[in-house]
Amino acid sequence: MIPDVSETLSWLEKNPQSIKGIQRGIERETLRVMPNGHLAKTRHPEKLGAALTHPWITTDFAEALLEFITPVDKDVDHLLAFLRDIHRHVARNLGDESMWPLSMPCFIAAEDDIELAQYGSSNLGRFKTLYREGLKNRYGALMQTISGVHYNFSLPLAFWQARTGISDAASGKREISAGYFQLIRNYYRFGWVIPYLFGASPAICSSFLAGRETNIPFERTKTGMCYLPYATSLRLSDLGYTNKSQSNLGITFNDLETYVAALKKAIRTPSQEYAHSGLKKNGRYLQLNTNVLQIENELYAPIRPKRITAAGESPSDALLRGGIEYIEVRSLDINPFSPTGVSADQVRFLDLFLIWCALVEAPEMSESELLCTRKNWNRVILEGRKPGQTIGMGCETSRRPIADVGRALFNDLRRVAELLDQEHAVPHYQQVCDRLAEAFDDPEKTFSARILAMMLEGGCGNVGLELAKNYREQLVNEPLEILSEPQLHAESERSWQHQWQLEAEDTQDFDDYLASHA
1 MIPDVSETLS
11 WLEKNPQSIK
21 GIQRGIERET
31 LRVMPNGHLA
41 KTRHPEKLGA
51 ALTHPWITTD
61 FAEALLEFIT
71 PVDKDVDHLL
81 AFLRDIHRHV
91 ARNLGDESMW
101 PLSMPCFIAA
111 EDDIELAQYG
121 SSNLGRFKTL
131 YREGLKNRYG
141 ALMQTISGVH
151 YNFSLPLAFW
161 QARTGISDAA
171 SGKREISAGY
181 FQLIRNYYRF
191 GWVIPYLFGA
201 SPAICSSFLA
211 GRETNIPFER
221 TKTGMCYLPY
231 ATSLRLSDLG
241 YTNKSQSNLG
251 ITFNDLETYV
261 AALKKAIRTP
271 SQEYAHSGLK
281 KNGRYLQLNT
291 NVLQIENELY
301 APIRPKRITA
311 AGESPSDALL
321 RGGIEYIEVR
331 SLDINPFSPT
341 GVSADQVRFL
351 DLFLIWCALV
361 EAPEMSESEL
371 LCTRKNWNRV
381 ILEGRKPGQT
391 IGMGCETSRR
401 PIADVGRALF
411 NDLRRVAELL
421 DQEHAVPHYQ
431 QVCDRLAEAF
441 DDPEKTFSAR
451 ILAMMLEGGC
461 GNVGLELAKN
471 YREQLVNEPL
481 EILSEPQLHA
491 ESERSWQHQW
501 QLEAEDTQDF
511 DDYLASHA
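Put into structure tokens, the structure is as follows:
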């Protein structure tokens, strides 16, 4: 079943103040699409600001792949209102285009239709575009258009002080980092609950498979949709945003030094495969370098330890300097039932689950056990709603019904929910527990079951396009709640000024710039 956490939950109930002041942030990706549902071929709208330097509105892999980033927030409703304001503003500045409401991409006729994100002529901007060129050449552009939601989460210092006895974050960086690594190991063991509840990509449009080999036994509709009847998140499958070649990097999550050492080794280790592709062709760069990873962000993982970097500092060096500051959850599909791709129920569930992961004792995990946990995730990803489905605990051969494990988990989460609800008039967290726990008794209440039923009736592309248009109309007609149009305009202007300043101040040759970042 799940570990016995009665003792640690009792400790938490005696120290409820330790979880007051959780900090969180959201990053949401979405493709811009034309009125016919095809990928937009227009450039990132100038009115939205410079994608290189805007703090809230940028692009990810492609010019047509928007990414929205909220500031850190301690209030769930304020966080989501800010995110919705960004969506409202963007919707008003897209002309006749809409934001695609699904994780798996819209109709893309050819990979050549996907223009890499452009960030101007500065060395930093060229570096970012070249990194994407490397991703395209290594994994294909189509895979990079898969979208998701990332959830950034940090526990208050008071939690670590009460739990480990540290006095402050600087002197307690080792203890805090060890606590976050415990959370991460538990996430690998039990995080499959996220695609079970919130996976929303049980089907894909046939255009996504064009020319690609797969062993997944898809069923197909007359309209060309490919699906698995009990799948939850094809985005997280080997078909989606994963990379098998990274499975032998030796990266584990037991302590800060070994994690960073393995990550740095991957960045500096030459790859025979990528060397064969070449660094340049006809004098034009094809990738940043020919190593296993071009940069640290290329590591595909369902969760990452993070720290805000200083100027010119790499993510791993930031971790070594100050320890883990927060974690980034990367397993959320776009929520097709929300105009912003994520809901308050999901945010509150993640709060509960991540606190639980921080409380549960988590033995160290070898590389082989990390790989073994992938079997549980795959079982949920490909057939999580299958009647009588079972789940293992790590690498244990014995398995239990997934419904039993889910109910046991929610019994624990409800105790955490009661503590979080103490500071609110409405018991939001307990209500979330009650609603979501029902999905283990009735899998048809999961996101994947609901969206698949819609797609089987209306077709993958049609459902996506209809939702996109409905959400566009809804967002365009809603007033802003937190931000204002003058504020958004000023931020856009500020971002352009910042980009132009970077370009004007650049004097270093790009080859030298690349060499300095090797």
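Be aware that the sequence shown starts at 1, since it is given in the UniProt record's numbering, and climbs by one per residue.
All C-beta atoms, glycine included, are put in the ideal place defined by N, C-alpha and C.
Since we're looking at a predicted model, the values are computed, not measured.
Member of the options whose CA lies at the smallest distance from the CA of residue i
i: THR8; options: ARG415, GLY172, SER201 and PRO302; result: ARG415
i: GLN501; options: ALA50, ARG32 and ARG43; result: ALA50
i: VAL342; options: VAL76, MET1 and THR58; result: VAL76
i: SER103; options: TYR429, ILE391, PHE337 and LEU436; result: PHE337
i: residue 524; options: GLU115, LEU256, LEU130 and THR129; result: Beyond the ends of the chain as shown, which are 1 and 518, falls residue 524; an answer cannot be given.
i: ILE108; options: LEU39, ILE69 and ASN470; result: LEU39
i: THR507; options: HIS489, ALA203, GLU367 and LEU124; result: LEU124
i: GLY179; options: GLY191, VAL193 and ALA162; result: ALA162
i: ILE2; options: LEU354, ALA81 and ARG189; result: ARG189
i: LEU485; options: VAL90, ILE114, SER18 and ASP73; result: Just to set this straight, residue 485 is Glu in the shown sequence, not Leu. Nearest C-alpha to GLU485: VAL90.
i: ASP511; options: ARG126, LEU419, TRP56 and LYS74; result: ARG126
i: ILE184; options: LEU420, LYS41 and PRO305; result: PRO305
i: ASN186; options: ALA449, GLY458, ALA425 and ILE355; result: ILE355
i: PHE82; options: TRP160, GLU481, ARG494 and ASP509; result: GLU481
i: TYR119; options: GLY165, PRO45, ILE69 and THR164; result: PRO45
i: THR446; options: VAL476, ILE381 and LEU419; result: ILE381
i: LEU319; options: ALA158, ASN411, LYS281 and VAL260; result: VAL260
Beta bridge counterpart(s) of residue i as assigned by DSSP
i: PRO305; result: ILE327
i: CYS226; result: ILE204 and ARG220
i: SER233; result: SER201
i: GLY392; result: ARG399
i: LYS280; result: TYR285
i: ASN152; result: GLY25 and GLU328
i: GLU67; result: GLU29 and THR58
i: LEU135; result: The partner list for LEU135 (beta bridge, DSSP) is empty, contrary to what the question assumes.
i: HIS489; result: None; HIS489 has no bridge partner.
i: LEU116; result: ALA62
i: PHE291; result: A small correction: the amino acid at residue 291 is Asn; Phe does not occupy that position in the sequence shown. Note: ASN291 sits in a beta bridge opposite PRO270.
i: SER98; result: VAL33
Close beta carbons around residue i, own chain, < 6 angstroms, minus the five adjacent residues each side
i: GLY384; result: TYR196 and THR232
i: LEU142; result: GLU111
i: ILE451; result: ALA200 and PRO336
i: ARG43; result: GLU63
Sequence-distant residues of its chain with Cβ nearer than 8 angstroms to residue i (five each side left out)
i: GLN182; result: CYS357, ALA358, VAL360, GLU361 and ALA362
i: TRP377; result: GLY191, TRP192, PRO195, LEU236 and PRO302
i: LEU94; result: ARG32, PRO45 and ARG472
Test item: CB-CB of residue i and residue j under 8 angstroms
i: ALA117; j: THR59; result: yes
i: CYS226; j: SER201; result: no
i: LEU518; j: ASN289; result: A small correction: the amino acid at residue 518 is Ala; Leu does not occupy that position in the sequence shown. Closer than 8 angstroms, so yes.
i: LEU48; j: SER492; result: yes
i: HIS78; j: VAL329; result: no
i: SER237; j: GLU503; result: no
i: GLU325; j: ILE308; result: yes
i: GLN422; j: PRO16; result: yes
i: GLY148; j: ASP333; result: yes
i: VAL347; j: LEU80; result: yes
i: residue 521; j: VAL432; result: For the chain, the structure presents residues 1 to 518; residue 521 sits outside this window and is missing.
i: ASN137; j: LEU249; result: no
i: THR53; j: HIS498; result: yes
i: PRO323; j: ARG174; result: Note on residue identity: the sequence assigns Gly, not Pro, to residue 323. Contact: yes.
i: ASP96; j: LYS41; result: no
i: GLY134; j: GLN294; result: yes
i: GLU367; j: CYS395; result: no
i: GLY458; j: GLY37; result: no
i: ASN291; j: THR258; result: no
i: ARG435; j: ASP345; result: yes
i: LEU456; j: THR221; result: yes
i: PRO55; j: GLY25; result: no
i: ARG132; j: PHE61; result: yes
Cut-off 7 angstroms between Cβ atoms - residues of its own chain near residue i, not counting five sequence neighbours on either side
i: GLU296; result: LEU263, ILE267, SER314, PRO315 and SER316
i: THR390; result: ARG399, ARG400, PRO401 and ILE402
i: GLU478; result: ARG88
i: LYS74; result: GLY21, ILE22 and GLN23
i: ALA449; result: ARG385 and PRO443
i: HIS428; result: ARG348 and ASP421
i: SER98; result: VAL33, ALA468, LYS469 and ARG472
i: GLY278; result: LEU286
Inset, instruction - Inspect the CB distances between the stretch 352–372 and the stretch 209–217 and report whether three or more fall short of 8 angstroms. - result: Taking one beta carbon from each stretch, the stretch 352–372 and the stretch 209–217 have fewer than 3 pairs nearer than 8 angstroms; the two do not touch.
Inset, instruction - Spell out a yes or no on whether the stretch 154–170 and the stretch 81–92 are touching, meaning 3 or more CB-CB pairs, one atom from each, closer than 8 angstroms. - result: no
Legend entry - Inter-stretch contact (C-beta, 8 angstroms, three-pair minimum) for the stretch 437–447 and the stretch 398–409: yes
Legend entry - At least 3 beta-carbon pairs within less than 8 angstroms: the stretch 65–81 vs the stretch 24–35: Yes: at least three Cβ pairs fall under 8 angstroms.
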